[in-house]
Each structure stands twice: as C-alpha cells, then as structure tokens.
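Visitor: Numbering (this note's numbering), first residue to last: 66 to 284.
For every residue, glycine included, the Cβ atom is placed at its ideal position computed from N, Cα and C.
Okay, here's the structure, questions in a sec.
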Amino acid sequence: MQVLPLNNLLASKIWTPDNFFHNGKKSVAHNMTTPNKLLRLVDNGTLLYTMRLTIHAECPMHLEDFPMDAHACPLKFGSYAYTNNEVIYLWTQGDEKSVAVAEDGSRLNQYDLLGHVIGKETISSSTGEYVVMTTYFHLKRKIGYFVIQTYLPCIMTVILSQVSFWLNRESVPARTVFGVTTVLTMTTLSISARNSLPKVAYATAMDWFMAVCYAFVFS
Numbered sequence: 066m067q068v069l070p071l072n073n074l075l076a077s078k079i080w081t082p083d084n085f086f087h088n089g090k091k092s093v094a095h096n097m098t099t100p101n102k103l104l105r106l107v108d109n110g111t112l113l114y115t116m117r118l119t120i121h122a123e124c125p126m127h128l129e130d131f132p133m134d135a136h137a138c139p140l141k142f143g144s145y146a147y148t149n150n151e152v153i154y155l156w157t158q159g160d161e162k163s164v165a166v167a168e169d170g171s172r173l174n175q176y177d178l179l180g181h182v183i184g185k186e187t188i189s190s191s192t193g194e195y196v197v198m199t200t201y202f203h204l205k206r207k208i209g210y211f212v213i214q215t216y217l218p219c220i221m222t223v224i225l226s227q228v229s230f231w232l233n234r235e236s237v238p239a240r241t242v243f244g245v246t247t248v249l250t251m252t253t254l255s256i257s258a259r260n261s262l263p264k265v266a267y268a269t270a271m272d273w274f275m276a277v278c279y280a281f282v283f284s
C-alpha cells in the first residue's frame, strides 16, 4: 500500500468535520515549532489526518468512598453542526487500537489507570440528532499517600490517647496534657485531610474514619 505524505498546510484545503469536545473545559492545539499535524493520502483514497491536542475535560466524581474511590472519566467528542444524517462517526480499529494510551502517559501521581472503554452515543437537541464518540478512562485513586499522611498518624494518636488510662488517676496534669494533645493532633490531621479533596457537601469514608478516631480519643 502506497502512502503519500502531504504538507500539513494542505489541511486547510481539505474538508474536515467540525469536531468539538462535549465535556472539554479548555483545549490547546500545539503549534511549536510548527503546527503539530499529520496528513497522509493512501492509494485507496483514504485520508489520514491527525493533530496533537491537550484537552482539559470535566470528570464527574462521587467521593463517598474517598480515598478508596474509583472513577470513570469520559472524553466525548463529535460534530457541532452536522447531524447523524450528514456525518457518520465510526471507531475503525476496534476497542483496543482505536484509543491507545502510551505507557509513560498513564503515569498519574494520584491515580492508577485501570483501562478504558470506547463507545458511541446519540444525543437529541432542538437542532437535530448528533453522534457523540465516547471514551471512558477507569481510574482508581492511589491510597499510599493517605495511609502515610492520615491513617497511620490517626491510629497512632488513638493509641497514644489510651495511655491516659494507665496513668494514676490523681495525676491530673499528665492526664490533661495527654487529652489536650491528642485532641489538637486529631484536629490538625482532620484539617489536613479535608484540604486534600474538593469541597463536597456529604461525608466521605475518610470523614467517618476521622469521626471514629475522635470518638476513641474523647472516650
């Protein structure tokens, strides 16, 4: 099969669908040092056109299980003006090859990338029906940071708070110091843990853990 590489300047002279990302919040097309585009013409008439983009997309998260939570973050794109009667979108290479994730590109600081699933949806609006191509990236949060920074210190603080039971009941200053110190430590750990996640109106798994630790400290 013969492939003819073309200058990416010719892309402006070829019709392309008006793709946009439905859940995109910010998109950047890379132009350093030239526009990062690839254009090839195959001898069977197929046109290969790719470009390099950086997409900041919205991912709805349910944080009830934080920090043991897992999420399916979507990336959705389709045509803005052409309905499904005018433009047909297809995944041409199957689930595994249509969307490829580089090994070094899946190294996230806070999450493990478990895999991805591709699909296709049809949405209706006042201007017609449109095809939306979807890719769901399944992410699971790494818990190691929270074990070291929150869980272990809280457990050690609870253990330390029980030392006051072994002190002489007449040693009021020592018992008071242990009580106040452990309460202040739990308060500091709670504030630090709360600052590590978005502000939500419901209790997370870490909030319940901290509440149980508070109960043991005050007991």
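List the residues that DSSP assigns as beta-bridge partners of Asn84.
Guide: DSSP lists Ser144 as partners of Asn84.
Visitor: Nearest CA to the CA of Thr200: which residue from Tyr210, Tyr216, Ile183 and Phe211?
Guide: Comparing Cα positions, the closest option is Ile183.
Visitor: Would you call the segment 206-219 and the segment 238-248 touching, i.e. three or more CB-CB distances under 8 Å?
Guide: With a cut-off of 8 Å, the segment 238-248 and the segment 206-219 do not count as touching, because too few Cβ pairs lie within range.
Visitor: If I'm right that Lys90 touches His121 with Cβ under 8 Å, what's the distance once you round it to whole angstroms?
Guide: Indeed, because the Cβ distance is near 5 Å, the residues count as touching under 8 Å.
Visitor: Distance, Cα to Cα, Leu128 vs Lys205?
Guide: Between Leu128 and Lys205, the C-alpha separation is close to 12 Å.
Visitor: Could you check the C-alpha separation between Pro125 and Tyr154 for me, to the nearest Å?
Guide: Pro125 and Tyr154: Cα-Cα distance of roughly 25 Å.
Visitor: When you compare only the Cα positions, how much space is there between Met251 and Tyr216?
Guide: Computed Cα separation, rounded: 11 Å.
Visitor: Assign His166 to one of two classes, buried (16 or more other C-beta atoms within 10 Å of its C-beta) or exposed (fewer than that).
Guide: Sequence inspection shows Val at residue 166; the His mentioned does not correspond to that position. Its Cβ having fewer than 16 others within 10 Å, Val166 is exposed.
Visitor: Excluding the 5 residues flanking Val228 on each side, which residues of the same chain have their C-beta closer than 7 Å to its C-beta?
Guide: These residues qualify, in order along the chain: Phe243.
Visitor: Give the straight-line distance between the Cα atoms of Phe281 and Asp177, rounded to the nearest whole angstrom.
Guide: Approximately 33 Å, taken between the alpha carbons.
Visitor: Given a threshold of 16 other Cβ atoms within 10 Å of its Cβ, counted over all protein chains shown, does Ala258 qualify as buried or as exposed?
Guide: Burial call: buried.
Visitor: Do the segment 101-110 and the segment 66-85 touch if we need at least three Cβ pairs shorter than 8 Å?
Guide: The segment 101-110 is in contact with the segment 66-85.
Visitor: Can you give me the C-alpha to C-alpha distance between Cys231 and Val223, rounded to a whole angstrom?
Guide: The identity of residue 231 in the sequence shown is Trp, whereas the question assumes Cys. Going by the C-alpha atoms only, they are around 14 Å apart.
Visitor: With DSSP as the reference, please indicate the residues paired to Leu75 in a beta bridge.
Guide: DSSP lists no partner for Leu75.
Visitor: Out of Leu225, Cys219 and Val245, which one is the CA nearest neighbour of Asp272?
Guide: Cα-wise, what sits closest to Asp272 is Cys219.
Visitor: Taking only three categories from DSSP, how would you classify Gly209?
Guide: Here Gly209 sits in helix by DSSP.
Visitor: Just to confirm my understanding: we take Thr93, look at its own chain, exclude 5 residues before and 5 after, and list those with CB closer than 6 Å. What are they?
Guide: Looking at the sequence itself, residue 93 is Val, so the reference to Thr does not match. Closer than 6 Å at the Cβ level, and outside the excluded window around Val93, lie Thr119.
Visitor: Within 10 Å of its beta-carbon, does Thr269 have 16 or more other beta-carbons around it, so buried, or fewer, so exposed?
Guide: Buried, because 16 or more other Cβ atoms sit within 10 Å of the Cβ of Thr269.
Visitor: Please list the terminal residues of the continuous alpha helix (DSSP H) segment that includes Leu217.
Guide: First-last of the alpha helix (DSSP H) with Leu217: Leu217 to Ser226.
Visitor: Hey, how far is the Cα of Gln175 from the Cα of Arg117?
Guide: If you take the alpha carbons of Gln175 and Arg117, they lie about 25 Å apart.
Visitor: Could you tell me which residues DSSP pairs with Gly184 in its beta bridges?
Guide: Partner(s): Thr199.
Visitor: When DSSP labels each residue in this structure, what does Val245 get in the three-state scheme?
Guide: Val245: helix per DSSP, three-state reduction.
Visitor: Beta-carbon within less than 7 Å of Tyr279's beta-carbon, same chain only, minus the 5 sequence neighbours each way: which residues are those?
Guide: Same-chain partners within the cutoff: Met251.
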